[in-house]
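So the protein lines, in turn, are chains A and B. Going from the first sequence to the numbering used here is simple: count from 1 and add 33. Going from the second sequence to the numbering used here is simple: count from 1 and add 2. We put the CB at the ideal spot given by N, CA and C, even for glycine. Encoded as C-alpha cells, the structure appears first; notes follow it.
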Amino acid sequence: MNMRGAQIVCKSLLREGCDVVFGIPGGAILPLYQTLPEFPDLRHILVRHEQGAAHAADGYARVTGKPGVAFATSGPGATNLVTGIAAAQMDSVPMVIVTGQVGRPSIGTDAFQETDITGITLPITKHNFLVMEAKDIARVIKEAFFIANSGRPGPVLVDIPRDVFMEEVDYEEPLELDLPGYKPTISGNNRQIKKASALIQSAKRPVILAGHGVIISRAYDELKELAERAQIPVITTLLGISCFPEDHVLWTGWPGMHGMAYSSLALDEADLIVALGMRFDDRITGNAEKFSSKSKKIHVDIDPSEIGKIIPVDVPIVGDVKDVLVKLNELVEPSTHSDWLKRIETLKKDHPSLRLPETDKLLARQVIRDISEITEGNATIVTGVGQHQMWAAQHYEFKNPCSLLTSGGSGTMGYEVPAAMGAQVASPDGTVWSIAGDGGFQMTLCELATIVENKLPVKFAILNNGFLGMVRQWQEIFFESSYVSTGYSGNPDFVKLAEAYGIKGIRVTDKTQVKTAIQDAMEHDGPVLIDFIVEQEENVYPMIPSGMTVKDMIEEPSSERVTV
Amino acid sequence: MTTTTDKHTITALVEDQPGVLNRISSMFRRRGYNISSLAVGQSETDGLSRMTFVVEGDPETVEMVAKNLHKLVEVIKVVNISSGNTVSRELALVRVNADVTTRSEIMQIVDIFRAKIVDVSQGTLIVEVTGDENKVDSLVDLLRTFGVHEVMRTGTIAMSRGVSYEEDTPG
C-alpha cells in the first residue's frame, strides 16, 4: 500500500497505542499536521508553547505509564522542547517527540528555521533519530516507543525532514526491531538476589529506600510485601513518594536536604539499606562519602550505570524492581526487627520535622495541609520547583500510588502548569491539583488557554509569597538576607488573570478562608485558580545544606515557636 | 597490575551509522572522562565498526566508562581488555631532520626498532613505526635529538590473545 511519510507517522503512533499528542504546528512539520484529519483517533492538543507540549507529554506519561507524545516544528519549535526533554530524561519519563526538520536538500545549509535538534538533544535523550527516508519511518517509530518505555525509560526524539513527510513509499508493517545493541536486563540475577536475601536476614537495622523505579515498574504490592514480611521501615526518595501509603505504620518519610529529620537519621543509623530503583541523588546523600557510613547497601536498578556511580554497593542487582522483588519475596523469611522499629518510633517522636507554629498568619504549609485534608489524600499533585514543591511533598498525605508529579532531577520551574494539564488529560475524571509558586507559575502560564480550550478541570493553588522563595531562603541563610533579584514586585493580579482566561479565580488572604476556597474549587465544575497570599518569608525545614551531612541538619529554626 | 590512575584499554563494537562517534564523544565529554587515544575502523562484520579507547583513570572510573558506553543504543559490545593478556599496536609516522651526517645514525636507530623509512627528501626522512605505545614513545624520543618536525599517531588498537573472545564487560 502506498502511503506518504506523514500518514505512516500517524499510523505508527496509533499502532503503538498513542491516543493523544501535544504540540504546535509550524512550517517544517506542516505536512504531518495536514494529515491529522485523516486520523481522527489521534487526538491533538494544541499547546501555546512547545515547552508546554513536552511537560504535558511528561505528565501524561507519568500517570498512564505509556510514552507521552509531542510534536513540534523545526528550529525554535524544537529548541523550545529542550527544557521539557531534559526534565523527562533526568526523571526517566518515557516520551516520543516528533520534530519537523527542514527539507533534505536544505539540511546543513543554515536554512530558515534549521536547527540541529538531534545534535542538541543528544545528551538529554535516551536516544534520537534523524529519519532520512520515508521507508524507515514505521520501523523508527516502533523502535522509538520500544526504547522510550523499556529498560530505564526516557525521552526519544525522532526528527523528520519536511520532504520525508511528503515522500510516498510502499508501506510495510514493521515486524522486527533493528536494535542489536539495546538489550535491557529485566530479570535480576538469582545468585545476587540470594545474597541480598541473606543480608536482609542478618540485618538488625534495615531500611528500604524506594525510588521512582518502584513507581515506574508499578511494584507497589511487591514493595509492601517485602516491607511487611521482614518488618522493614520504608523511606522513599522525592520521586518515590506515593509508592508506599503514607498512613502505613512502616512508612518512614523521605530523607535528604528538605526531607524529614527522622528519615535522614534512620538512614544514618541503619546497618542495611535496600535501595530500590533510585540513584543516590546528592539531595539525598549530601556528602556522599559520609552518607549512611554504618550500613551495607543492596542496590537494585535496571540501569547498570547507576550502580556504583555515587555509593559503593555490597550487593548490586541489575534488573527491573518488580522482577527482583517478586524473587526476593520468595526467599526472605519473616522477621520482626522490633527493637529497630521501636527506635524508628522514638526518632519520629523526637524529630517530628513537620510541626506548624501556632500563628494567625497564612502559612503555605497550612494551605497544603488543607488541600490534603479536603481531597483526603486522593488528588494527583503536580508541583513546580522550590519551596512549594518541598511543602507539598512534606505536608500532603499521599494515599494513592503515582500521585505526586514533580520535576525531581532537573528541578524545572514551570513544570506545574503543563504537566498538570497532561495529568488531567490522562485522567479526565481524576482530581488534579497544580501546586505552584508565583515564580514558576509565570514561566508557563500561557497553557491556561490550552486548559480552557480543552475543558480540563485542573485546580491551581498559587502559594504567592512574592519571592522566588527557595532562592530567597538560601539568600537568608547563606548570604545574610541579601535578597538580590528574588523579590517579585510586579506580579499580576492572578485572580484577574484567571478571569481573563475564563477561569474561576479566588483570592485568599486570611487563614480562615483557606478551607472554604479549596471546597469551592473542588465543587466548581471546571478549572479554578486560587491565589493564596501567604507569609513572605516562611522557610522550608528541616534543611541539610548542600554537600553536608545529617549532623549539619537544621531541624527547626530557633525563632519558630512550635506546638504539637 | 593496574594501579590507581593507569591507562586502560576498552574496545567497543558499534553500529556503523552517522553520529555514532558524536554520541560516544559527547558521553565522554559530558561525564568528564579522559580519552588518551581513540581508534576506529571497520570490524569483521559488515555494518559494524570496532573502536579502541585508551582511557585514563582508576578502575572504578573505567568501569563507569564501560557501563556508560554500553548504555548507548548503538553500542553492541564493550570489552575491558586492560587486565587481560592483550596485543596492542599503534602506527606512527615521524618526519625527522636528516642530513648527510645524521642519516646513517637515524637508519641504525630505525633498524633497531624494526621501523621503516618510507620517504627521503633533502634534509628530512619520514619514519614509519608500529608497536605498542611505549615503543613508539621511545623511538619518537630518540628521534627528537635530531629535530622532529611532525608526528602523526593512529592511536592504539588492541586485541586479547588466544582463541577466546572476551565476555561483554557490564551486565
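Residue i vs residue j beta-carbon contact at 7 Å
{"i": "residue 454 of chain A", "j": "residue 407 of chain A", "result": "no"}
{"i": "residue 304 of chain A", "j": "residue 237 of chain A", "result": "yes"}
{"i": "residue 95 of chain B", "j": "residue 130 of chain B", "result": "yes"}
{"i": "residue 72 of chain A", "j": "residue 43 of chain A", "result": "yes"}
{"i": "residue 9 of chain B", "j": "residue 58 of chain B", "result": "yes"}
{"i": "residue 572 of chain A", "j": "residue 78 of chain A", "result": "no"}
{"i": "residue 18 of chain B", "j": "residue 39 of chain B", "result": "no"}
{"i": "residue 105 of chain A", "j": "residue 148 of chain A", "result": "no"}
{"i": "residue 457 of chain A", "j": "residue 465 of chain A", "result": "yes"}
{"i": "residue 678 of chain A", "j": "residue 64 of chain A", "result": "Past the boundaries of the shown model lies residue 678 of chain A; chain A is included only from 34 to 597, so the question cannot be answered."}
Which listed residue (the options) has its alpha carbon closest to that of residue i
{"i": "residue 282 of chain A", "options": "A/214, A/221, A/381", "result": "A/381"}
{"i": "residue 475 of chain A", "options": "A/442, A/515, A/526", "result": "A/526"}
{"i": "residue 176 of chain A", "options": "A/255, A/208, A/315, A/92", "result": "A/208"}
{"i": "residue 215 of chain A", "options": "B/142, B/55, B/70", "result": "B/70"}
{"i": "residue 253 of chain A", "options": "A/394, A/419, A/194, A/358", "result": "A/358"}
{"i": "residue 585 of chain A", "options": "A/318, A/80, A/153", "result": "A/318"}
{"i": "residue 37 of chain A", "options": "A/138, A/200, A/85, A/56", "result": "A/200"}
{"i": "residue 539 of chain A", "options": "A/419, A/566, A/82, A/513", "result": "A/566"}
{"i": "residue 239 of chain A", "options": "A/267, A/217, A/227", "result": "A/267"}
{"i": "residue 225 of chain A", "options": "A/127, A/298, A/330", "result": "A/330"}
{"i": "residue 444 of chain A", "options": "A/430, A/432, A/415, A/434", "result": "A/415"}
{"i": "residue 124 of chain A", "options": "A/270, A/555, A/481, A/320", "result": "A/270"}
{"i": "residue 334 of chain A", "options": "A/217, A/394, A/391, A/429", "result": "A/217"}
{"i": "residue 480 of chain A", "options": "A/85, A/412, A/195", "result": "A/85"}
{"i": "residue 230 of chain A", "options": "A/93, A/188, A/306, A/126", "result": "A/306"}
{"i": "residue 190 of chain A", "options": "A/257, A/114, A/518", "result": "A/114"}
Listed by chain order, chain A residues near residue i by CB distance under 7 Å
{"i": "residue 76 of chain B", "result": "214"}
{"i": "residue 32 of chain B", "result": "156"}
Local Cβ density within 10 Å of residue i, reported as buried at 16 or more and exposed below that
{"i": "residue 290 of chain A", "result": "buried"}
{"i": "residue 493 of chain A", "result": "buried"}
{"i": "residue 68 of chain B", "result": "buried"}
{"i": "residue 14 of chain B", "result": "buried"}
{"i": "residue 223 of chain A", "result": "exposed"}
{"i": "residue 102 of chain B", "result": "exposed"}
{"i": "residue 11 of chain B", "result": "buried"}
{"i": "residue 533 of chain A", "result": "exposed"}
{"i": "residue 173 of chain B", "result": "Only weak support is given to the placement of residue 173 of chain B: the predicted model assigns it a pLDDT of 41, under 50, and the value that follows is read from those uncertain coordinates. So residue 173 of chain B counts as exposed."}
{"i": "residue 409 of chain A", "result": "exposed"}
{"i": "residue 192 of chain A", "result": "buried"}
{"i": "residue 337 of chain A", "result": "buried"}
{"i": "residue 108 of chain A", "result": "buried"}
{"i": "residue 73 of chain B", "result": "buried"}
{"i": "residue 597 of chain A", "result": "Legend: pLDDT at residue 597 of chain A = 36, less than 50; position of this residue unreliable, value from coordinates given subsequently. Exposed."}
{"i": "residue 469 of chain A", "result": "buried"}
{"i": "residue 134 of chain A", "result": "buried"}
{"i": "residue 205 of chain A", "result": "exposed"}
{"i": "residue 5 of chain B", "result": "Summary for residue 5 of chain B: the model assigns pLDDT 49, below 50, so the residue's position carries little reliability; its value from the coordinates is reported in the next sentence. Burial call: exposed."}
{"i": "residue 166 of chain A", "result": "exposed"}
{"i": "residue 601 of chain A", "result": "No answer is possible for residue 601 of chain A: it lies beyond the span of chain A, which begins at 34 and ends at 597."}
{"i": "residue 116 of chain A", "result": "buried"}
{"i": "residue 498 of chain A", "result": "buried"}
{"i": "residue 220 of chain A", "result": "exposed"}
{"i": "residue 160 of chain B", "result": "buried"}
{"i": "residue 277 of chain A", "result": "buried"}
{"i": "residue 339 of chain A", "result": "buried"}
{"i": "residue 513 of chain A", "result": "exposed"}
Proximal residues of chain B, C-beta to C-beta of residue i below 7 Å
{"i": "residue 338 of chain A", "result": "66, 69, 70, 73"}
{"i": "residue 160 of chain A", "result": "75"}
Cross-chain neighbours of residue i in chain A, by beta carbon under 8 Å
{"i": "residue 28 of chain B", "result": "155, 156"}
{"i": "residue 24 of chain B", "result": "152, 155"}
{"i": "residue 17 of chain B", "result": "213, 214"}
Proximal residues of chain B, C-beta to C-beta of residue i below 9 Å
{"i": "residue 341 of chain A", "result": "62, 65, 66, 69"}
Chain-ordered neighbours of residue i on chain B, where CB pairs are closer than 8 Å
{"i": "residue 180 of chain A", "result": "75"}
Item to complete: Please specify which runs of the beta strand (DSSP E), each continuous and at least 3 residues long, are wholly inside the region 488–522 of chain A, giving them in chain order.
Response: Counting only runs of 3 or more, we get 492–497.
Discussion item. For a minimum of 3 consecutive residues, which ranges assigned as the beta strand (DSSP E) are wholly contained in the region 141–181 of chain A?
Written reply: Correct list: 160–163.
Practice prompt. Entirely within the region 386–456 of chain A and at least 4 residues each: give me those alpha helix (DSSP H) ranges in chain order.
Written response: The region 386–456 of chain A contains these whole alpha helix (DSSP H) runs: 397–407, 420–428.
Practice prompt. Entirely within the region 175–223 of chain A and at least 4 residues each: give me those alpha helix (DSSP H) ranges in chain order.
Written response: 195–199, all fully within the region 175–223 of chain A.
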